[in-house]
Amino acid sequence: MDERIPGWLITLTASVSLFIMVFLIYFLLQEGIPTLREVSLKELLLGFDWYPTEEPPALGMAPLIVGSMTVTLLSAVMAVPFSFLIAIFLSEVAPSWFREILKPALELLGFLPSIVLGFLGMVVLAPWLQERFDLLSGLNLFNASLLMGAMIVPIVASLAEESLQAVPRELRDACYALGATRWETIRKVVLPAALPGLLSASLLGIMRGLGETMVVLMAAGGAALVPISIFDPVRPLTSAIAAEMGETPVGSAHYHALFFAGLLLLTMTLGINLISMWIEKKGKERWMA
Amino acid sequence: MSRKLVDRGASILLWTSAALLVLGLLSILAYLMANGAESMSWEFVTRPPRDNMTKGGISTPIIGTLQLVIVSMVFAIPVGVATGIFFAEYATEGPFTTALRLCVRCLAGVPSVVYGLFGLSLFVVFLNFGSSLLSAGLTLACLSLPLIVTASETALLAVPQDFRLASYALGANKWQTVRKVVLPAALPTILTGAILSVGRVAGETAPIIFTGAAFFTPKVATSLFDEVMALPYHIMVLATAGTHIEQTRPIQYGTVLVLILLVMGVSSLGIILRARLRRNRR
């Protein structure tokens, strides 16, 4: 047998990922773009009425886009600082016995299926919020953001820890030698040095939040309205797709609109991914120099 | 003096947040255990649902979940490991390798519900597999591929260079070296990565809702083209649809507990195995 054949086969199999990516983009475009024959791009992106089952359907996605952004941003505001604290603790402070507990705990939290968090939001957190704050419904922006925060923490914390660990030891030693305390060293030397890594970790967390589906589907309340308070219900793009695709006839205007929503999500998450990759690259170049 | 106080305060803050995380996770798990325990019985895990899913067990969703995991892994593991071998052993710097790396990284960031749309348009509609075990399994395979690629590549790169050189010195060619020396040495770590991705796949809901998960089906799937019930989707159905939401609460908690035990059990196994492998290497 020609000994180059296995190499070719391996290369061929490896290109499956390339094919999946190409097909993914192709099929979303193929099923999403026809929407533009029914509604203008302006109406799709800026229209505030999402009544896809009316006749004729109103396909304004602005409330869904705003819904996705508010849940993601609110959860990032809650989860990112906490994740950084966890990462700093793991990398700079934790004694090894506590590290041995915290690391697996963090990882297990990352493995908690999102449906379980969504279920908890619906069954435990929502009734509590409703009673505590005297709300019409506990299924709202705040509930979903809190749980989505719990999903983001493991990702951001473990990536942030890696970038803190990558800061050369000499920098810390030099700082201690000047008489600085541990916190001063962390704040003035370690954090600035790890900044690109921390930034890209946060972005990857935000990317994950934007694409998260089950938590927002179950705990966000599902009303396609622009929220005014944090206790208003929202309907992010992901939960609209998950909730509505099942009952939508293949090929209808609504069907194509939901694929367009998927296309928007893909564009946003890929954009964030590329930015974070670019930041990581810049960060690595820093230590190479 | 105040500098020391600030330092002290910061330490307390860091310790508190870490403790909060551990306590949070433990209380979630304890809460689910306590509430799910009462519905747990041999009947519950071995009998199918009955009376409109208001009574009976969850055997069909359990088996469906296992079937989905098997189908997805049958496709994802060979392709993922081959891609890992490509990156670790064969890839040369160039536009193809760069594009492939970019794809794997981007696939890892694609939202799970978008995988669902992709599976719907490619497998269900275009390839006409219908809403089925095969469509849903393939969709999950695409989703888990980046995880397995990364795990395999890392595992292969950790195999010492001396192994390869020794094999070449004995006159083996590249493929013989990869197959007989490098791959066996990396196999335990690759398997660990595969176990961890099983933990991920078993809990996924969004990608299977419109590619093959059934609201209800009375029997276990006997062909790749049957729909299956799955634990995550079953939880969602019981908790959000139908008129018996309050009545089926015990079944909901029971199903959550089974899913948690399955996912956390598999993931913990992976985490423990990996830790042992790392210790042995040192």
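Keeping their order, the protein sequence lines are chains A and B. Per UniProt numbering, the first sequence starts with residue 1, numbered consecutively. Per UniProt numbering, the second sequence starts with residue 1, numbered consecutively. Here a beta-carbon is modelled for each residue, glycine too, at the ideal position from N, C-alpha and C. In this text the structure is predicted, and so the values were computed from the model without any measurement.
{"Item": "is_contact[B/M236, chain A] using C-beta, thresh 8 angstroms", "Value": "yes"}
{"Item": "Where the alpha helix (DSSP H) through A/M21 begins and ends", "Value": "16–32"}
{"Item": "One or two residues paired with A/V234 in a DSSP bridge", "Value": "A/G221"}
{"Item": "The alpha helix (DSSP H) enclosing B/N35, as first and last residue numbers", "Value": "2–37"}
{"Item": "Near the ligand SAH: B/V263 beta-carbon under 7 angstroms from a heavy atom", "Value": "The ligand SAH is absent from the structure shown, which contains no ligands of any kind."}
{"Item": "CB contact flag (B/F87, B/E153, <8 angstroms)", "Value": "yes"}
{"Item": "Cβ-Cβ distance between B/M53 and B/L238 below 8 angstroms", "Value": "yes"}
{"Item": "Beta-carbon contacts of A/Y176 that lie in its chain and below 7 angstroms, excluding the five residues immediately before and after", "Value": "T185"}
{"Item": "Cβ distance (whole Å) where A/L208 is taken to contact A/I152 below 8 angstroms", "Value": "The sequence as given places Arg at residue 208 of chain A; Leu does not occur at that position. 6 angstroms between Cβ atoms; contact."}
{"Item": "Sub-8 angstroms separation of A/P72 and A/L198 beta-carbons", "Value": "In the sequence under discussion, the amino acid at residue 72 of chain A is Thr, which differs from the Pro named in the question. No, the pair does not count as a contact, with Cβ atoms beyond the cut-off."}
{"Item": "Residue interval of the alpha helix (DSSP H) (run including B/V124)", "Value": "No alpha helix (DSSP H) holds B/V124; DSSP gives it neither H nor E."}
{"Item": "Beta-carbon proximity list for A/I241, same chain, < 7 angstroms, skipping 5 on both sides", "Value": "L258, A261, G262"}
{"Item": "At least three beta-carbon pairs within less than 8 angstroms, the stretch 247–266 of chain B to the stretch 163–172 of chain B", "Value": "no"}
{"Item": "Supposed close pair B/F123, B/S135 - CB separation, criterion 8 angstroms", "Value": "4 angstroms"}
{"Item": "Rounded distance between the beta-carbons of A/S114 and A/P233, thought under 8 angstroms", "Value": "That belief does not hold up - the Cβ atoms of A/P233 and A/S114 are roughly 19 angstroms apart, past 8 angstroms."}
{"Item": "Where residue 350 of chain A meets chain B, residues with beta-carbon distance less than 7 angstroms", "Value": "The requested residue 350 of chain A is not part of the displayed model; chain A covers only 1 to 289."}
{"Item": "Against chain B: residues of the stretch 251–263 of chain A by CB proximity under 8 angstroms", "Value": "L258, F259, G262"}
{"Item": "Environment of B/I12 [buried if 16+ CB atoms lie within 10 Å]", "Value": "exposed"}
{"Item": "Whether A/G121 touches A/V215 by CB criterion (8 angstroms)", "Value": "yes"}
{"Item": "Contact residues within the stretch 2–18 of chain A, judged by C-beta distance below 9 angstroms to chain B", "Value": "E3, R4, I5, P6, G7, L9, I10, T11, L12, T13, A14, S15, V16, S17, L18"}
{"Item": "Sub-8 angstroms separation of A/L46 and A/A62 beta-carbons", "Value": "yes"}
{"Item": "Where A/A58 falls: helix, strand or coil (DSSP)", "Value": "strand"}
{"Item": "The stretch 211–230 of chain A contacting the stretch 67–86 of chain A, beta-carbon criterion three pairs below 8 angstroms", "Value": "yes"}
{"Item": "Residues of the stretch 124–142 of chain B with Cβ closer than 8 angstroms to any Cβ of chain A, in chain order", "Value": "V125, F126, C142"}
{"Item": "Coarse secondary structure for B/A213, derived from DSSP in three states", "Value": "strand"}
{"Item": "Proximity to B/G57 [Cα-Cα], best of B/L66, B/G64, B/V45, B/K174", "Value": "B/V45"}
{"Item": "Element boundaries [alpha helix (DSSP H), containing B/S59]", "Value": "59–85"}
{"Item": "Helix, strand or coil at A/V190 according to DSSP, with G and I counted as helix", "Value": "helix"}
{"Item": "Rounded C-alpha distance that separates B/P232 from B/E204", "Value": "7 angstroms"}
{"Item": "Ordered list of alpha helix (DSSP H) runs contained in the stretch 161–226 of chain B, each at least 4 residues", "Value": "161–169, 174–177, 183–202, 206–209"}
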